[in-house]
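**Student:** Read left to right, the sequence shown gives residues 1 to 70 (UniProt numbering).
C-beta: ideal position from N, C-alpha, C; glycine also.
Sharing a structure here in structure tokens format.
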Amino acid sequence: MPVTVKLDDLLYAKRMTLTELADRVDITLANLSILKTGKAKAIRFSTLEAICKVLECQPGDLLGFEEGDA
Numbered sequence: 001m002p003v004t005v006k007l008d009d010l011l012y013a014k015r016m017t018l019t020e021l022a023d024r025v026d027i028t029l030a031n032l033s034i035l036k037t038g039k040a041k042a043i044r045f046s047t048l049e050a051i052c053k054v055l056e057c058q059p060g061d062l063l064g065f066e067e068g069d070a
């Protein structure tokens, strides 16, 4: 998948669990887990904004792009 989600790295750097992030962002743990594993097909800008606010990062810190087959 060309678009990668680097949520694990950001959570590790902030010493935060996925459950804690889910509570702070007000998103279900299941949906956050789908995003973390790269299985999400889309993300709302409001969700992206909330995650970036809590993790004190930019969208580019959370998402990456790798050349290759989709």
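Can you tell me which of the three DSSP states GLY60 falls into?
**Tutor:** GLY60 sits in a helix when the DSSP states are folded into three classes.
**Student:** Let's test the definition: count the other Cβ atoms within 10 Å of the Cβ of VAL3 and tell me whether it reaches 16, buried, or not, exposed.
**Tutor:** Label assigned to VAL3: exposed.
**Student:** With LYS6 and LEU18 assumed to form a contact (beta carbons below 8 Å), what rounded beta-carbon distance in angstroms separates them?
**Tutor:** Between LEU18 and LYS6 the Cβ distance is about 14 Å, and since that is not below 8 Å, they are no contact.
**Student:** Assign THR17 to one of three DSSP states: helix, strand, or coil.
**Tutor:** Coil, per DSSP.
**Student:** Quick check: what's the CA-CA separation for ILE27 versus GLY68?
**Tutor:** 31 Å
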